[in-house]
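Per this note's numbering, the very first residue in the sequence shown carries number 4; after that it's consecutive.
Data block below; observations after.
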Amino acid sequence: MKFSESDEPQTPGVRELVSELLQQAAGYARDYGRLISAEAREKARYLRVLGLSLAAAAVFLLFGFFFLTVALTAAIAFGLGSWGWASLIVGGGYFLIGLLTLIPAMRSIQGGTLRFDRLKTRVRKDKQWVKTKLAA
Numbered sequence: 004m005k006f007s008e009s010d011e012p013q014t015p016g017v018r019e020l021v022s023e024l025l026q027q028a029a030g031y032a033r034d035y036g037r038l039i040s041a042e043a044r045e046k047a048r049y050l051r052v053l054g055l056s057l058a059a060a061a062v063f064l065l066f067g068f069f070f071l072t073v074a075l076t077a078a079i080a081f082g083l084g085s086w087g088w089a090s091l092i093v094g095g096g097y098f099l100i101g102l103l104t105l106i107p108a109m110r111s112i113q114g115g116t117l118r119f120d121r122l123k124t125r126v127r128k129d130k131q132w133v134k135t136k137l138a139a
């Protein structure tokens, strides 16, 4: 029995396979982009608070540095003059405020506020899926 050309199973060519692979890769990248975007929107509030805390800490640390520098200069230049000790106390106070302002920001960073957990889980699952597909 002879098969006609229309009876033979159609197999996709290399061009079609590469085209399909590129389309799937582009869809996969779009999905990851959407996932990262969604997680970034969720983290935006925390990032704003973290940014404001870091900015406030930077301001207080700069004030502390300035006043401690003035106090050190005054202590060296004038010995035990009263305005020098006052500058030292004010500078030390601002420096401590700056350090205290940094504590919530450091806890937030160490606590994992900026982790993208869903993305990590998805990448792990995709990695496992690819391993099982390649092993088959």
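In this text, a Cβ means the ideal position worked out from N, Cα and C, and glycines have one as well.
Note that the structure is a prediction, hence the values are computed from the model and not measured.
Residue i classed as buried or exposed, judged by whether at least 16 other C-beta atoms fall within 10 angstroms
i: residue 115; result: exposed
i: residue 31; result: exposed
i: residue 16; result: exposed
i: residue 4; result: A caution first: residue 4 carries a pLDDT of 47, below 50, which makes its placement in the model unreliable, though a value can still be read off. Residue 4 should be labelled exposed.
Whole-number beta carbon distance between residue j and residue i, since they are thought to touch under 8 angstroms
i: residue 60; j: residue 105; result: 4 angstroms
i: residue 121; j: residue 38; result: 6 angstroms
i: residue 107; j: residue 56; result: 6 angstroms
Closest Cα partner of residue i within the set the options
i: residue 53; options: 120, 122, 133, 112; result: 112
i: residue 73; options: 91, 62, 134, 27; result: 91
i: residue 109; options: 50, 133, 65, 127; result: 50
Whole-angstrom distance between residue j and residue i, CA atom to CA atom
i: residue 58; j: residue 94; result: 18 angstroms
i: residue 24; j: residue 101; result: 54 angstroms
i: residue 45; j: residue 67; result: 34 angstroms
i: residue 18; j: residue 137; result: 22 angstroms
i: residue 96; j: residue 48; result: 30 angstroms
i: residue 131; j: residue 43; result: 25 angstroms
i: residue 126; j: residue 26; result: 19 angstroms
i: residue 75; j: residue 124; result: 53 angstroms
i: residue 134; j: residue 62; result: 50 angstroms
i: residue 21; j: residue 128; result: 24 angstroms
i: residue 65; j: residue 77; result: 18 angstroms
i: residue 35; j: residue 71; result: 49 angstroms
Contact with chain B by residue i, beta-carbon distance below 7 angstroms
i: residue 136; result: Checking the listed chains, one finds no chain B in this structure; it contains a single protein chain.
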